[in-house]
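Visitor: One point on numbering: in this note's numbering, the residue at position 60 of the sequence shown is 60, and numbering is uninterrupted.
Cβ coordinates follow ideal geometry from the N, Cα and C atoms, glycine included.
From a predicted model like this one, the values you see are computed outputs, not experimental measurements.
Once you've had a glance at the structure underneath, I'll fire off some questions.
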Amino acid sequence: MTTVENLEKAIREVAERERAYGDAVQNEAETEYSYKIAQATEYLKADGTVDERKAIALTNCKTQYKAYLTAQATKAFCDAKLKDAQSAMNARQSLLRFQTQTNFGEMRTGA
């Protein structure tokens, strides 16, 4: 693959990872909303002290809470993958810039 083809591939990877990150952000927001609404509902239904009500609410919302934690982890993973792809793209851009400057310099000097 040429440097230009590698750069084009890196740009596509960044675009794909941006979409995945956007989806992860949306999913995190939706799961957080579901969890917090369910938790508040369960908290209001529960009897006992504040700490007891919180514990009951959390226990009764464990599925939503797990989904929310999973969504948070997925978002963090997608963020790391996106940053990695951006770094790779930046490196390929630098390489292409260097090659272009080197080729231009050779053309000017006749080397």
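I believe Ile56 touches Ala46 by the beta-carbon criterion, under 8 Å. Please report the beta-carbon distance rounded to the nearest angstrom.
Guide: Ile56 to Ala46, Cβ: 4 Å. Contact.
Visitor: For Ala20, which residues of its own chain have a beta-carbon under 6 Å away from its beta-carbon, when the five flanking residues on both sides are left out?
Guide: Taken in chain order, the residues that qualify are Cys78.
Visitor: Cβ of Thr31 within 8 Å of Cβ of Arg92?
Guide: The answer is no: Cβ separation not under 8 Å.
Visitor: Quick one, are the C-beta atoms of Thr74 and Ala24 less than 8 Å apart?
Guide: Contact: yes.
Visitor: Provide the residue span of the alpha helix (DSSP H) that contains Asp51, from first to last.
Guide: Per DSSP, Asp51 belongs to the alpha helix (DSSP H) from Val50 to Asn60.
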